[in-house]
Amino acid sequence: MKTIKIPFGPQHPALEEPINFIFEVEEERVVNVKPRLGYIHRGIEKLAENRTYHQNVYLIERICGICSFAHTTCYTQAVEELLGIDIPERAKFIRTITAEMERVQNHYLWLGLTAKETGFETLFMYAWRDRETILEVLEMISGKRVNYGMNTIGGVRRDILETMTEQIEDKLSHLEDRAQYYKKICTKEQTILKRTVGVGILRPRDALSLCAVGPTLRASGIPRDVRADDPYAAYDEVPFKVVTYKRCDVASRILVRIDEILESINIIRYALENMPKGPIQVKVPQRVPKGEAVSQVEAPRGENIHYLKSDGSDKPVRLKVRAPTLANLPPLCKMLIDVNIADIPVVIAGIDPCIACAERVMLVDTKTKKRRIWSGDKLWRYSCEWYRKK
Amino acid sequence: MVPEEITAILQVFLFPGFSFLFSLAFFVEWLDRKLVAKFQNRYGPLHVGPKGILQPFADFIKLLSKEDITPAMADRVPFIAMPLLMLTLAMTPLFCIPINGCSALVSFEGDLIVVMFIMTLIALLLFAGAWVSTNRFSTVGGIRAGLQMFGYEIPLNIVMIGPAIGAGSLSISEIIKWQSQGRWFIITQPLGFAILTICLLAHLQVVPFDIPEAETEIVSGWLVEFSGKKLALIRLARNFKLILAASLMTSLYMGGTSGLWQPNPLTYFIKLVVCVFILSNLRALFARFRIDQFLAGVWRYLTPLALLQISIVEVLAW
C-alpha cells in the first residue's frame, strides 16, 4: 500500500502555536509521524544569562503565557535553594493557592480547546466563559489575569487579604458547579464520547518508557505527581489525592483534568482556611553563592524542571528549562500512530501542548538534510568563528 | 390593469424573485449566526445595522473586494466556473418553492424530482470543485463530501417522497394545497420530518455533519483554495442552501404558505424562521462526527427508519 505524506502545521487552525508534523497516511490511518520543532524559538535561556536573578523572575514568567506561575515557582525555588534560605510559611501557602488557581484556569482553557478540536463550539464557548471567573479571582489577588507577577525570590509579592476570601469562595463554588456539569456532559454526551473514547491510546508501559508527564501520564493510570512525590511550597501540609484514570485515551485525559479542577478547588479552600499569619517575603542578597540546583514543579501540563548554575555573581551562568510539553512529545508521536486523520487534532490537543515553552535549537543542513543538535559550547565557538571571518 | 408580462417580470426580479431571495439569503445568515451566538452565550453580529442585521451583506461586499487567487496547479476553467455554478444551482430550486400564494413561479408536475436532482448536483459539484483545486486538504474534503453524499442522499430522498405519496402529487405546490386544510405531514409523518432535518444538516454541512470542511481537521476542506469573489459566491450559495433546506421543511411537512388564513408570504416567512431556528439549535448542540461514524450511523439507523416511514405511508394510503 502506498502511503501519502500529509503536512500538519506549522500554520493550522487546530494549532495555537507553530509546530510541524509530517504524517504518513495509509487510507485514513496514520502509520508514521515526524514532528519538527523550531518555528518559535525565543532564546530565553540565553537571555537569562544576561540578566540578574531578580530581573530573570519576570523573564521566566514569560516562558509560557498560561503556566507562567509554575515556571517562576520553579525558578525561584532553585535560586532559594542556592541561597540556602527558607521562605515564610504564609508565602508557601500563597504560592500553593496561586498555583492551584493557575491549574484551574489552564484546565478550563484546555477543555474548551479540546471541545473546539472535536467541533463542539458551544462547549468551547461555555468553558472559556467560565474560565473568566477564575481569571477575575487572579486579577483581584495579583492585579493581572495572566503573568501574575506574584513570585519573587524569597517569597511572594502580594498577600491574600481576609476581605478577598469570601469573594474567592463565591467564585470557587460557581466553578465547582460548572466543573461537575462538564463532567456530566463529557461522560454522557454521545458525540463527545464517540470522538474521544478509545482514541489516542497510550499504554502505561509506553507512557513510562517514553517519559510522559502530568495529566497525560495520570490518564494512563500511573499516579505520579510532583506535588505528592516531592512536595514543594505547602503541598506537604495540604491533603489531596492524585487523580488517575485507567482508560489511556483522550476521554480519560478529559476526565483527569476535570477531576483535577475539583481537586484544586478543594486545595485552595483548605489552604485559605489554614493559612498561617506572618510575613510574605524575606530579604535576599543580590549575589548568589556558587553552585548548581535543580528544581521541580508540577505545572498544569506536567512536571516542569529548571536547572540553574551559579558562579557567585549576580547573574546565572546557565539556566536550563525542561517544559512539560517537551517530555510529552515522544509519547504524543506514539499516540498518533494508527489514529484516523480526523482524530489527529484532538489527540494532539490531548497532551495540552505549549510549543513555545518547548523550543530548542536545531540546525538543519539544507543541502544534505542532516540535522544536528548543538551544545552551547559549540554554538559559541561557531559564532566566534563566524564573526572573525566577517 | 398591469399587463401580464410586466407582472411576470416583476415577479421574477422583485418578489418573490431575485431581489427578495437575495435579501432573504442575507437575513437567514444573520438569523442563523445570531441564534447560534445566543445559544453559545455570545453576542454575534452587532455593529453593522440594527442588531448587526447588515453584517452578512457587509461580509459579502468585503469578500468581493478581497484578492482573488487561482492556484497555479488548479484546473483553471472549472475552478472559476465552480462558484458560479454553485450559486446558480443553489438558487434555481427556490423558484419551485411557493412563497407568494399557493403556487410557485415555476410549478409543474414533478418539480420535487427536479429539486432533488439539483440538490444531488450540488453535492457532486462540491466534489468536483475540491478535485480541480488540487490541494491535499481539499482533496480529502472532497472525498469526504462525496462519501457523505452517499450516506444522506437515500434517506433524504425517501423522506421527501413521503409527503408526495401522501398528497398524491410530485409537485411541491400541489403538496402544499393538499396540506392547506391543516393536515400537515409533520403530524402524520413525524419520523419523516426528523429524518429530513438530520439529512438536511448533513446536506448543509453544519455541525455535527461539517465533516467535509472540518476546520480544525482539514482547514475548511473542499473550499480551502477558494478566496475573494469565489468564496463570496460560495458563501452566498450556502445561504441559499439554508433557505432551500428550511423551505423544504416548511413546504413538505408544515403546510408552506398555507395556514389559518389565506396562503400568504408572511406565513411562509414565520415557518421559515422556525425551521432555521430548529437547524441552528441542532448546529449548536453537538460535536462533530467522524466520516466512518457518520456513514455507519446513516446506513444502520437513518435509511431503515426512512424505509419504515415510507412503508407506513404506503400502507395507510392503500
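Protein chains in written order, with our numbering: chain U, 1 to 390; chain X, 391 to 708.
A virtual CB, placed ideally from N, CA and C, is assigned to each residue, including glycine.
Quick caveat: nothing in here was measured; it's all calculated off a predicted structure.
Residues of its chain near residue i, where Cβ-Cβ distance is below 6 Å and the 5 sequence neighbours each way are ignored
i        : result
X/VAL438 : LEU444, GLN445 and ALA448
X/MET644 : TRP574, ILE576 and LYS661
X/ASP465 : VAL522
Three-state class that DSSP yields for residue i in the structure shown
i        : result
U/LYS309 : strand
U/THR152 : strand
X/GLY582 : helix
U/GLU303 : strand
X/PHE339 : Absent from the model: residue 339 of chain X. The displayed extent of chain X is 391 to 708, so no value can be given.
U/SER295 : strand
U/ARG29  : strand
U/GLN281 : strand
X/ARG680 : coil
U/GLU17  : coil
U/LEU319 : strand
U/PRO35  : strand
U/GLU24  : strand
U/PRO7   : strand
U/ASN340 : strand
X/PRO461 : coil
Whole-Å CB distance - residue i paired with residue j, under 8 Å assumed
i        : j        : result
X/PHE575 : X/GLY556 : 6 Å
U/THR72  : U/GLU61  : 5 Å
X/ILE530 : U/ILE185 : Looking at the sequence itself, residue 530 of chain X is Val, so the reference to Ile does not match. Wrong, their Cβ atoms sit about 29 Å apart, outside the cutoff.
U/ARG131 : U/GLN167 : With 8 Å as the limit, U/ARG131 and U/GLN167 do not qualify as a contact, their Cβ atoms being about 17 Å apart.
U/SER264 : U/ARG103 : 5 Å
X/LEU710 : X/SER455 : Residue 710 of chain X lies beyond the stretch modelled for chain X, which goes from 391 to 708, so this question has no answer here.
U/ALA219 : U/CYS248 : 7 Å
U/ARG178 : U/VAL346 : About 22 Å separates the two Cβ atoms, so there is no contact after all.
Neighbourhood of residue i by C-beta distance below 7 Å, restricted to the same chain and skipping five residues each side
i        : result
U/TYR235 : THR96 and ARG227
X/SER670 : ASP422, LEU425 and VAL426
X/ASP600 : ARG678
X/VAL597 : ARG673, PHE676 and ARG678
X/PHE405 : ASN490
CA-to-CA distance, residue j to residue i, given in whole angstroms
i        : j        : result
X/GLY442 : X/LEU436 : 4 Å
U/LYS46  : X/GLY532 : 47 Å
U/PHE21  : U/VAL199 : 18 Å
X/LEU706 : X/MET550 : 17 Å
U/GLN190 : X/ARG678 : 11 Å
X/LEU642 : U/GLU139 : 55 Å
X/ILE681 : X/SER528 : 15 Å
X/LEU421 : X/LEU634 : 15 Å
U/ASN56  : U/ALA91  : 20 Å
U/GLU385 : U/ASP377 : 12 Å
X/PHE403 : X/CYS486 : 15 Å
U/GLU298 : U/PHE124 : 25 Å
U/LYS290 : U/TYR53  : 13 Å
X/THR482 : X/GLY407 : 10 Å
U/LYS383 : U/LYS389 : It is Ser, not Lys, that sits at residue 383 of chain U in the sequence shown. Using only the alpha carbons, I get a separation of about 10 Å.
U/GLY302 : U/ARG322 : 11 Å
X/ARG625 : X/THR640 : 23 Å
X/ILE668 : X/ALA636 : 9 Å
X/MET476 : X/SER701 : 34 Å
U/VAL339 : U/HIS107 : 24 Å
U/GLU408 : U/GLY65  : The requested residue 408 of chain U is not part of the displayed model; chain U covers only 1 to 390.
Interface partners of residue i on chain U, CB under 8 Å
i        : result
X/LEU675 : THR122
Proximal residues of chain U, C-beta to C-beta of residue i below 9 Å
i        : result
X/PRO598 : GLY119, PHE120 and THR191
X/VAL530 : ILE6, GLU28 and ILE341
X/ILE681 : GLU28, ASN340 and ALA342
X/ARG628 : Residues of chain U passing the Cβ test: none, with the nearest at roughly 17 Å.
X/ARG423 : None at all; the shortest Cβ gap to chain U is about 12 Å.
Where residue i meets chain X, residues with beta-carbon distance less than 7 Å
i        : result
U/ARG129 : ASN431
U/LYS194 : PHE679 and GLN683
U/MET125 : GLN430, ASN431 and ARG432
Contacts that residue i makes with chain X (C-beta to C-beta distance below 8 Å)
i        : result
U/LYS116 : THR606
U/HIS12  : VAL609
U/PRO345 : THR606 and GLU607
Proximity test, Cβ basis, 8 Å: residue i and chain C
i        : result
X/ARG625 : In the structure shown, chain C does not exist; the protein chains are U and X.
Chain-ordered neighbours of residue i on chain U, where CB pairs are closer than 7 Å
i        : result
X/ARG526 : ILE6
Own chain residues within Cβ distance below 8 Å of residue i, not counting five before or after
i        : result
U/THR152 : HIS54, VAL57, THR76 and GLN281
U/ASP159 : ARG90, ILE94 and ILE280
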